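> Chain order of the listed sequences is Z and U. With this note's numbering applied, the first sequence closes on residue 282, and no number is skipped along the way. With this note's numbering applied, the second sequence closes on residue 282, and no number is skipped along the way. Okay, handing you the structure first.
2 protein chains.
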Amino acid sequence: MSMLDNGTIGVFDSGFGGLTVLRALTERMPQARFVFVGDTARLPYGSKSRRTVARYATESAQFLVREQGAAFVVIACNTASALALDAIKDAVPAPVLGVIEPGAQAARGASKTGDVLVIATDATVQSHAYAEACGALGLRAMEKACPLLVPLVEEGWTSHAVTEEVVRVYLGELRAEAEARGMDADTLVLGCTHYPLLRPVIEKVLAEGAGRAMRVIDSAESTAEAAARLFAVKSEGAIAETEIRCFATDSVEKFERLGSRFLGRPVGKVELIDLGG
Amino acid sequence: MSMLDNGTIGVFDSGFGGLTVLRALTERMPQARFVFVGDTARLPYGSKSRRTVARYATESAQFLVREQGAAFVVIACNTASALALDAIKDAVPAPVLGVIEPGAQAARGASKTGDVLVIATDATVQSHAYAEACGALGLRAMEKACPLLVPLVEEGWTSHAVTEEVVRVYLGELRAEAEARGMDADTLVLGCTHYPLLRPVIEKVLAEGAGRAMRVIDSAESTAEAAARLFAVKSEGAIAETEIRCFATDSVEKFERLGSRFLGRPVGKVELIDLGG
């Protein structure tokens with residue numbers, strides 16, 4: 006196991022969704038300092054191109070390492086992990102962990118049939134990063150873009166009948182397509198950091214069908230577990246209580262207001278930064 | 006009536022929605038050259054702060070005037086019009102028309118009771134730009150943010166049962182709140198350039214209630230009418246057939262694919278530009 010030179014772990018996302026990853030990280034690494042960047046001035050990444058996402062994500066990672074002294078960077082965003090992991094690794098002199106690989110690993114641990122379904126943003130699906138990561142582990146994966154789920158979560162409709170119907174439409178199409186291709190899927194990967202807030206609705210809809218029971222994999226949880234396996238905080242760097250410092254590139258008031266939904270507790274004072282775009 | 010020094014009119018939006026304004030403009034000013042910018046790398050504006058929207062919108066307007074020689078700029082975006090009209094006017098040496106004022110003028114022409122409802126993005130509603138513009142014309146306006154409507158249009162669900170239900174929820178809440186405040190609204194302003202694609206669903210839902218019949222105002226139409234009233238193209242600048250040149254700050258393929266839904270015809274070859282963010 007590697008040791009962090011200091012207790013600072015950098016975490017970033019296009020917005021608030023990555024706070025679900027931060028929450029899972031704080032539960033497993035309570036003695037670390039966390040610095041989080043939400044690139045809210047340029048969110049969402051999920052509808053944008055590889056070139057644009059790579060440029061934005063690299064700027065966040067560089068801020069965390071160069072200006073905040075992070076010894077380890079977690080990409081708490083599926084889209085940035087899918088489209089820009091290599092670009093970020095090239096851009097910062099620190100280890101970088103994305104959410105795709107841990108999610109695929111967790112799917113391999115969960116699936117008995119070897120067939121998995123993945124729901125994610127448009128950009129993540131178009132990159133086929135999950136299908137490739139799953140394929141490398143011997144799994145077959147079918148991916149589906151669900152672009153309405155992030156706006157529904159941000160509207161706060163996490164248990165609304167409309168959201169349930171949207172989930173029913175998306176999962177119905179995905180399961181039908183998987184069956185048409187002869188797949189016998191038993192695992193669903195939540196390939197976007199907003200989706201854990203919809204887990205109760207997703208599990209309800211999955212339970213409706215007459216089909217096989219499905220295990221749900223939350224890549225936020227899987228990533229936090231992978232981070233805790235990879236790194237320990239040196240005792241001289243350890244602190245008594247988790248510290249979280251949050252930065253955003255747009256309205257800090259909105260971040261402070263909405264962020265607590267994802268973090269599960271108040272995010273505290275958020276500082277405004279300019280990443281140049 | 007002013008005359009344009011040349012036939013070039015600059016039009017911009019955060020994304021594709023503004024193509025509904027461009028479409029209305031081409032119908033009323035067929036002899037003009039149009040240059041359109043979709044700032045797709047930084048869309049949407051509707052969830053962002055005034056500071057950020059003003060900065061982005063100013064960069065688009067400057068590109069249109071300085072680099073494309075536009076003699077007149079139309080802000081084909083309600084959010085940018087609401088939050089950044091003055092900043093844009095200060096930033097470019099050309100007349101600038103936003104969509105809010107024409108929308109409010111059209112509402113005054115349509116309303117008999119003097120009470121109007123406005124649906125728009127979160128940022129437009131928080132600015133209260135429509136309430137102010139309507140108030141200055143002697144109207145009372147009640148505004149409501151409908152953040153799910155843009156994603157539903159972009160998902161292509163313009164006549165989906167889910168969209169109908171979302172519209173029913175939003176309009177039901179808005180009408181109930183207006184009635185609770187003693188308003189007798191007879192006009193609904195579509196305060197976002199995506200919403201004209203939902204007009205059939207909106208009119209269907211409006212017709213369901215036992216309440217007063219409602220007129221629907223499309224600010225894209227109103228803005229095109231205002232532009233055609235304000236400016237004529239000098240005969241030496243006039244061209245035989247409408248020319249449209251489109252630029253985008255992110256994936257031109259996606260712009261070419263989705264843009265035709267809004268423009269009502271193929272957008273042609275889209276050119277990639279970098280506005281620096």
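Don't be surprised by glycine CBs; every beta carbon is placed ideally from N, CA and C. The structure displayed is predicted, hence computed values, not measured ones.
Applying the criterion that 16 or more other CB atoms from any shown protein chain within 10 Å of the CB defines a buried residue, is residue 234 of chain U buried or exposed?
Burial call: exposed.
> DSSP three-state call for residue 177 of chain Z: helix, strand or coil?
The answer is helix: DSSP assigns residue 177 of chain Z an H, G or I state.
> Under a CB-based cut-off of 9 Å, is residue 159 of chain Z close to chain C?
Reference to chain C is not applicable here, since the protein chains of this structure are Z and U.
> Got a sec: which bits of the stretch 73 to 107 of chain Z sit with their beta carbon under 8 Å from any beta carbon on chain U, in order along the chain?
Residues: none.
> Just checking, does the stretch 215 to 229 of chain Z make contact with the stretch 109 to 118 of chain Z on the three C-beta pairs under 8 Å criterion?
As far as the Cβ criterion goes, the stretch 215 to 229 of chain Z touches the stretch 109 to 118 of chain Z, which means the pair count is three or higher.
> Indicate the three-state DSSP secondary structure (helix, strand or coil) for residue 279 of chain U in the structure shown.
Residue 279 of chain U falls in the coil class under three-state DSSP.
> Which of helix, strand or coil does DSSP assign to residue 68 of chain U?
Three-state DSSP puts residue 68 of chain U in a helix.
> Quick one: list the residues of chain Z neighbouring residue 274 of chain U, beta-carbon separation under 9 Å, in chain order.
In chain order: nothing, as chain Z lies at least about 17 Å away.
> Alpha carbons only, please: which of Z:169, Z:158, Z:210 is nearest the one belonging to residue 266 of chain Z?
Nearest C-alpha to residue 266 of chain Z: Z:158.
> I'd like to know whether the C-beta atoms of residue 190 of chain Z and residue 121 of chain Z end up nearer to each other than 9 Å.
Yes, Cβ-Cβ distance for residue 190 of chain Z and residue 121 of chain Z is below 9 Å.
> What are the residues in the stretch 31 to 46 of chain U lying within 7 Å of chain Z by C-beta distance?
Here the close residues are 46.
> Counting only beta-carbon atoms, is residue 206 of chain Z nearer than 9 Å to chain U?
Not closer than 9 Å to any Cβ of chain U, the Cβ of residue 206 of chain Z fails to qualify, so no.
> Which class does residue 251 of chain Z belong to by DSSP, given the choice of helix, strand or coil?
It is a strand residue.
> I want to verify the contact list: residues of chain U whose CB lies under 8 Å from the CB of residue 164 of chain Z, in sequence order.
Chain U residues near residue 164 of chain Z: none, gap ~14 Å exceeds 8 Å.
> Go ahead and label residue 180 of chain U buried or exposed: buried means 16 or more other beta carbons lie within 10 angstroms of its beta carbon, across all protein chains shown.
Classification for residue 180 of chain U: buried.
> Could you check the C-alpha separation between residue 68 of chain Z and residue 162 of chain Z for me, to the nearest Å?
If you take the alpha carbons of residue 68 of chain Z and residue 162 of chain Z, they lie about 33 Å apart.
> Express the C-alpha separation of residue 37 of chain U and residue 66 of chain Z in angstroms, rounding to a whole number.
Those two C-alpha atoms are separated by around 45 Å.
> Which residue spans inside the stretch 12 to 62 of chain U form an unbroken alpha helix (DSSP H) run of at least 4?
Qualifying alpha helix (DSSP H) stretches, in chain order: 24 to 33.
> Check the C-beta distance from residue 210 of chain Z over to residue 173 of chain Z and give it rounded, since I have them as a contact under 8 Å.
Confirmed, about 5 Å.
> For the beta strand (DSSP E) containing residue 163 of chain U, list its first residue and its last residue.
Neither: residue 163 of chain U is in no beta strand (DSSP E) and is coded neither H nor E.
> Taking its Cβ as the centre, do 16 or more other Cβ atoms sit within 10 Å of residue 125 of chain U, making it buried, or is it exposed?
The residue in question, residue 125 of chain U, is buried, as its Cβ has 16 or more Cβ neighbours within 10 Å.
> Here's the rule I'm using: 16 or more other beta-carbon atoms within 10 Å means buried, otherwise exposed. How should residue 226 of chain Z be labelled?
Residue 226 of chain Z comes out buried.
> So what does DSSP say about residue 186 of chain Z, is it helix, strand or coil?
In the structure shown, residue 186 of chain Z sits in coil (DSSP, three-state: anything other than H, G, I, E or B).
> Assuming contact is defined by CB atoms lying nearer than 9 Å, are residue 127 of chain Z and residue 43 of chain Z in contact in what I supplied?
Contact flag unset, no.
> Is it buried or exposed, residue 49 of chain Z, if we count other Cβ atoms within 10 angstroms and call 16 or more buried?
So residue 49 of chain Z ends up on the buried side.
> In whole angstroms, give me the CA-to-CA distance for residue 80 of chain U and residue 196 of chain Z.
Straight-line Cα distance between these residues: approximately 36 Å.
> Can you tell me where the alpha helix (DSSP H) holding residue 146 of chain Z begins and where it ends?
First-last for residue 146 of chain Z: 145 to 150, but that is the beta strand (DSSP E), not the alpha helix (DSSP H).
> Around the C-beta of residue 106 of chain Z, are 16 or more other C-beta atoms found within 10 angstroms, so that it is buried, or is it exposed?
Buried: at least 16 other Cβ atoms inside 10 Å.
> So within the stretch 200 to 248 of chain Z, which uninterrupted beta strand (DSSP E) runs reach at least 3 residues, ignoring any that extend past its ends?
Within the stretch 200 to 248 of chain Z, the complete beta strand (DSSP E) runs of at least 3 residues are 220 to 223, 236 to 238.
> Using a Cβ-Cβ cut-off of less than 7 Å, list which residues of the stretch 51 to 74 of chain Z approach chain U; keep chain order.
Result list: 53, 54, 57.
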